[in-house]
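Numbering (mature numbering (1 follows the signal peptide of the UniProt record, and there is no 0)), first residue to last: -21 to -1, 1 to 140.
Below is the structure:
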């Protein structure tokens, strides 16, 4: 719970920096335009964030919901040039600055599950990679292996309705 409160306290500062860095964009209440996720109105409300990576023909989009108990869920899309499109959901936990979750997705008509991790720094999430193994039908990080966070860097962005 303390981690969630720290995250909630830091969000206004991060969001202010992001909003002021945008040219001529203003927030409007009660409109159907894109908006930046705002901190929850109470300690029991989940926070909703959107992140994306776009580079030429590569796209990764993550809608992340962080609950008051630091549980995370959301939708994740990988559309990388030369690879199969993966679209699915994540469920996991936020521990300090690290998201650790299971990604359940469809690819080539088959459902798969793999463990994934992201490191939060400023207003971005960087995907972590490590050696993986299959266990009970799920691809997961090998025991004792520490992920390297030098993967795709997803930037905080407006959530699209």
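Every residue, glycine too, gets a C-beta built ideally from N, C-alpha and C.
>> If distances are taken between C-alpha atoms only, which option among 62, 60, 68, 26 comes closest to residue 48?
In response: The residue you call residue 48 lines up with position 69 of the chain shown. The option with the nearest alpha carbon to residue 48 is 26.
> Between residue 43 and the rest of its own chain, which residues show a CB-CB distance below 7 Å, the 5 nearest in sequence each way excluded?
Replying inline: Locating residue 43 in the chain shown gives position 64, counting from the first residue. Cβ within range, chain order: 28, 30, 51, 53.
> By the 10 Å Cβ neighbour count, where 16 or more other Cβ atoms means buried, how is residue 88 classified, buried or exposed?
Replying inline: Locating residue 88 in the chain shown gives position 109, where the first residue counts as 1. So residue 88 ends up on the exposed side.
>> Please state the DSSP three-state secondary structure of residue 89.
In response: One-based indexing of the chain shown puts residue 89 at position 110. Three-state result, residue 89: strand.
> Any idea if residue 113 is buried or exposed, counting beta-carbon neighbours within 10 angstroms, 16 or more meaning buried?
Replying inline: Against the chain shown, residue 113 aligns to sequence position 134. Flag for residue 113 reads exposed.
> In this structure, does DSSP put residue 110 in helix, strand or coil?
Replying inline: Looking up residue 110 in the chain shown gives position 131. Correct three-state label for residue 110: coil.
>> Mapping the DSSP letters down to three states, classify residue 125 as helix, strand or coil.
In response: Position 146 of the chain shown, counted from the start, is the residue given in the question as residue 125. Coil at residue 125, not helix or strand.
>> By DSSP's criteria, residue 103 is part of a beta bridge. Which residues make up the other side?
In response: In the chain shown, the residue the question calls residue 103 occupies position 124. DSSP lists 100, 134 as partners of residue 103.
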